[in-house]
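>
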Amino acid sequence: EAEAIVRAARYRPLGERSLLGAMPQLGYRSMPQAEAMRRLNDATTVIAMIESPEGLDAVDAIAAVPGIDVLLVGANDISTAHGVAGQYDHDVVSDAYARTLAACTAHGKVLGVGGLASRPDLIRQYVARGGRYVSLGGDLSMLLSAATRTLDAVTCPP
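Going by this note's numbering, the sequence shown opens with residue 1, and the numbers climb by one from there.
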């Protein structure tokens with residue numbers, strides 16, 4: 001699956017993604033195809049999410065795939081898949097981060113920290129251990145959170 005992701009996400013020679021006409025990533029400028037594909041590949045980050053026991057068992061093989069940049073541990077899915085849903089400080093989650101970090105270190109990849117938006121203490125812990133990419137949640141949850149804070153700030157008590 002990791003190799004298929006790279007083929008779909010990257011341009012030749014790393015992948016098989018089609019090169020369209022003028023692209024916003026290139027400022028809509030025309031340039032030789034080889035240069036365009038190099039620039040687009042340089043600007044593309046491919047993130048493999050480690051969210052299941054199967055993914056965790058294959059973490060070293062996933063990290064070995066050329067073109068994968070980040071291995072992101074999805075703490076919510078990992079904890080749920082192991083029967084400890086939402087227990088982000090459980091040994092299962094800590095072990096997933098340790099195993100993924102070891103694979104990242106061995107293959108020159110970046111450890112991603114995900115699924116922990118409600119636990120900034122754990123985010124800090126995994127960043128201190130070597131996490132370099134942090135997903136703080138989806139845009140909808142952030143928008144709703146900001147809107148709720150703003151509404152609370154302007155709402156007068158009855």
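A virtual CB, placed ideally from N, CA and C, is assigned to each residue, including glycine.
Following the continuous beta strand (DSSP E) through ILE62, name the residue where it begins and the one where it ends.
Unbroken run through ILE62 is the alpha helix (DSSP H), 59-63; no beta strand (DSSP E).
> Could you check what DSSP says for ARG160 in three-state terms: helix, strand or coil?
Only positions 1 to 158 of the chain appear in the structure, and residue 160 is not among them; the question remains open.
> What separation, rounded to the nearest whole angstrom, lies between the Cα atoms of SER141 and LEU116?
13 angstroms
> So, under 8 angstroms CB-CB, LEU101 and ARG119 are touching, yes? Tell me the CB distance rounded to an integer number of Å.
Their Cβ separation, rounded to whole angstroms, is 18 angstroms, which puts LEU101 and ARG119 out of contact at 8 angstroms.
> Given a cut-off of 9 angstroms on the beta-carbon distance, is the pair ALA48 and LEU14 in contact?
no
> At which residues does the alpha helix (DSSP H) containing MET49 begin and terminate?
Here MET49 belongs to no alpha helix (DSSP H); instead the beta strand (DSSP E) covers 47-50.
> Could you check the C-alpha separation between ARG7 and MET23 for me, to the nearest Å?
19 angstroms
> Identify every residue that forms a DSSP beta bridge with TYR133.
Its beta-bridge partners are GLY112.
> Helix, strand or coil for ARG17 per DSSP?
strand
> Tell me, please, whether the segment 139-155 touches the segment 94-108 by the rule of three or more beta-carbon pairs shorter than 8 angstroms.
The segment 139-155 vs the segment 94-108: no contact.
> Answer yes or no: do HIS82 and VAL73 have a C-beta to C-beta separation smaller than 9 angstroms?
no
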